[in-house]
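Undergrad: In order, the protein sequence lines correspond to chains A and B. Residue numbering for the first sequence follows this note's numbering, starting at 2 and increasing by one per position. Residue numbering for the second sequence follows this note's numbering, starting at 1011 and increasing by one per position.
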Amino acid sequence: MKALIIDDERMARQELRRLLTAHADVEIAGEASNGEEALELIQRLAPDVLFLDIQMPGMSGFDLLDRLREVPDVIFTTAYDQHALQAFEVSALDYLLKPVAPARLAAALQKVRPQRPLMTPSNGLMQSMEQIFLRDGERCWIVKTREIDLLESEGNYTRVFFRKESPLIAGSLAAFEARLPAAIFFRANRRQILNLNGVEGTQLAPAGNLVVMLRGGREVELSRRQSTVLREVLSI
Amino acid sequence: MSRIYWICQIAGWGAYAAALFGISTAYSGWHIELAAAYALFAVYSIGLTHLLRRAIRRRDWLALPALQGLPRVFLAALAVALIQTSLIVTVALLFAGPQSGFTEVRQVAATASGVTVATCGWAAAYVAIVWNRRYRETRLREMELQLTLGQAELRALRAQVNPHFLFNSLNTIRGMITENPARAQEMVTSLAGLFRHALEFRGAQMVPLKDEMEAVSQYLALETARLEERLRIETEISDEAARRSVPAMVLQTLVENAVRHGIAELPQGGLLTIRAALTGVGMTSEALLLEVENTGRLKPVSPNGTHTGLANARERMRLLCGENASLVLSETGSGVVAARAVIPKVT
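#1: Name the residues in the segment 93-104 of chain A whose C-beta lies less than 8 angstroms from a C-beta of chain B; which are they?
#2: What does I170 (chain A) pair with, by DSSP beta-bridge criteria?
#3: Excluding the five sequence neighbours on either side, which residues of its own chain have a C-beta within less than 8 angstroms of the C-beta of V1265 (chain B), listed in chain order?
#4: Going by DSSP in three states, L126 (chain A) sits in which element: helix, strand or coil?
#5: By how many angstroms is the C-alpha of I76 (chain A) removed from the C-alpha of H84 (chain A)?
#6: Please confirm whether E10 (chain A) has its beta-carbon closer than 9 angstroms to some beta-carbon of chain B.
#7: List the residues of chain B whose Cβ lies closer than 9 angstroms to the Cβ of D54 (chain A), in chain order.
#8: If you draw a straight line from the alpha carbon of L1155 (chain B) to that of Y1054 (chain B), how long is it in whole angstroms?
#9: Show which residues of chain A have a CB atom less than 8 angstroms away from the CB atom of G1185 (chain B).
#10: What does G156 (chain A) reach in chain B if we use C-beta pairs closer than 9 angstroms?
#11: Please tell me whether V1347 (chain B) has its Cβ less than 9 angstroms away from any Cβ of chain A.
#12: Measure from the alpha carbon of E1325 (chain B) to the alpha carbon of each residue in B:F1031, B:F1112, B:C1018 and B:G1160, then state which is nearest.
#13: Secondary structure at L81 (chain A), three-state DSSP: helix, strand or coil?
#14: Would K99 (chain A) and A13 (chain A) be called neighbours here (beta carbons separated by less than 9 angstroms)?
#15: Quick check on A1286 (chain B): does DSSP put it in helix, strand or coil?
#16: May I ask you to list the residues that DSSP assigns as paired with C141 (chain A)?
#17: With distances taken Cα to Cα, identify the nearest neighbour of I1056 (chain B) among B:W1071, B:F1084 and B:I1017.
#18: Name the chain A residues whose beta carbon is nearer than 9 angstroms to that of P1191 (chain B)?
#19: If we ignore side chains and look at the alpha-carbon of each, how far apart do K1119 (chain B) and L1092 (chain B) end up?
#20: From the DSSP secondary-structure annotation, give me the bridge partner or partners of Y96 (chain A).
#21: Just to check my reading of the structure: V91 (chain A) and E139 (chain A) have Cβ atoms closer than 8 angstroms, yes? What is that Cβ distance to the nearest angstrom?
#22: Keeping to the same chain, check which residues put their C-beta closer than 7 angstroms to that of V1090 (chain B); ignore five residues upstream and five downstream.
#23: Pull up the DSSP beta-bridge partners for R1184 (chain B), would you.
#24: Can you have a look at I1033 (chain B) and say buried or exposed, based on whether 16 or more other CB atoms are within 10 angstroms of its CB?
This is how it looks when you write it as structure tokens:
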């Protein structure tokens, strides 16, 4: 498991590095002392997990994640930041408090250890392991793209439906469309993008266009043009 | 406040004039001239005592010690009573001639004494009201100060026990234990010294700058271990300045702000400069100038209280060193934030 340590303090990075020597399966691919460095290293090294300090000069840990198209697993670290702690708590994210207790580190690593990516053929599409970072004021999520059922445009914001959540996230629907794998995410109409893996059935609307039933019981009506496209994709 | 004053004036003098008029009618029957004379009396009494009030306020007699202020107030009241008496006599003689009885000295003296009692009574009531109000205001201010000091103490302590600083320092020490055990030991000592200084802080307290600098150095030693080459420090403190007393924790607050909100937020770090010198050498009151500068930009006041520490330091300086003490935070053109504190010599 390739790890990247991101912290503005050298001693803090070193301490974490020392603590990680107890975990033979963790290979420390690199260290970054600020957000800009981290962006470059993430691009170059494609780490599996980030140890990410929240309070950093210039670009905070959250700001850094906002700028990533897709995110690896993240274990946040913080000495004491009430706002961040609150965000971690309400968002059920993994975090470590500095100074780091070795047992807590082991528990956090256990959660991010890779389960082998599944190659199960569902609709002939590979199960993607990609995940994205979403932030809505106080709360934030690291969401596997395959967990997203539907995205709905609300002006400059997009409502993202996944699991039982539906936060409103800054960013246009077009911007999300560019971020998400085009093989799975399908533009249903001007306002909605749906996850093809979540399609449970289709119906014909009176006007001749398709209505798609998604897992969780949501229905999405396709535009006439996109109905034709979907018929080709699903070969019905 | 002013409305109540006018109501009291009109009601008071009106009632007094009406009472006198009542007594007079009992002796000499009802005359329109008599009514007019007493109405006139009420009007100029209101006017004259209003002028008296203005004189007391202008000259601030009630701010003087009682033995100096009260004679002035009551002498002025006597002068007003004299004017009132002469007006009464003049008006009575003009309207009623000798029939008014004011050709007799006895009658004039009786009127004079009555008016004197009334106007001195007015002055006494005025003094009582003003003093009572001042007393209440002073008490309130004292209570406020007490509260401010208590809060200052608490805030300074909390700033010192700033959890972010504490846990980061502990984390640095944990790492340092393997990398450099001797340094780790020094850091523990610094942390202990810093906490002791904060715990001994009791709000309004002057300490020698030398002692304050000791705590600041311990704080900086810990932050240097954490921020390393990002924190560069220069100090210029003259010997005379080091011997001067300063309000406790003011310099500490300034330095901590400069590091926490300035240098620690810059990826490349910056320079912290601490200067202390006496100004206006040769003059009777040499003020101490404390300057803390850091690389960075002045941020707008953030809601999570960036400037409360500063406001608190300012308040303590005002309490301990008087109104001439000042504390200004400004951004100089070249990307440097400077906090300048002027601490006048307290005698």
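Glycine included, each C-beta is placed from N, C-alpha and C at the ideal position.
TA: Quick answer:
#1: L98, K99, P100 and V101
#2: According to DSSP, I170 (chain A) bridges with A:T159.
#3: V1226, Y1229, L1230, L1282, I1284 and V1302
#4: Interpretation of L126 (chain A) is limited by its pLDDT of 44, a score under 50 that renders its predicted location unreliable; no figure is taken from the coordinates.
#5: 16 angstroms
#6: yes
#7: Here the premise fails: no neighbours, minimum Cβ distance about 10 angstroms.
#8: 44 angstroms
#9: M12, A13, Q15, E16 and R19
#10: Ordered by position in chain B, no residue passes the 9 angstroms Cβ test against G156 (chain A), which lies about 27 angstroms from the chain.
#11: False, the Cβ-Cβ gap to chain A never drops below 9 angstroms.
#12: B:G1160
#13: This sequence places Tyr at residue 81 (chain A); Leu is not what is there. Here Y81 (chain A) sits in coil by DSSP.
#14: yes
#15: strand
#16: A:R136, per the DSSP bridge assignment.
#17: Minimum Cα distance to I1056 (chain B) is reached at B:I1017.
#18: None at all; the shortest Cβ gap to chain A is about 14 angstroms.
#19: The question names Lys, but residue 1119 (chain B) is Ala in the sequence shown. For A1119 (chain B) and L1092 (chain B), the distance between alpha carbons rounds to 11 angstroms.
#20: A:F77
#21: 6 angstroms
#22: L1058, T1059, L1062 and T1129
#23: Paired residue(s): none; R1184 (chain B) is not in a bridge.
#24: exposed
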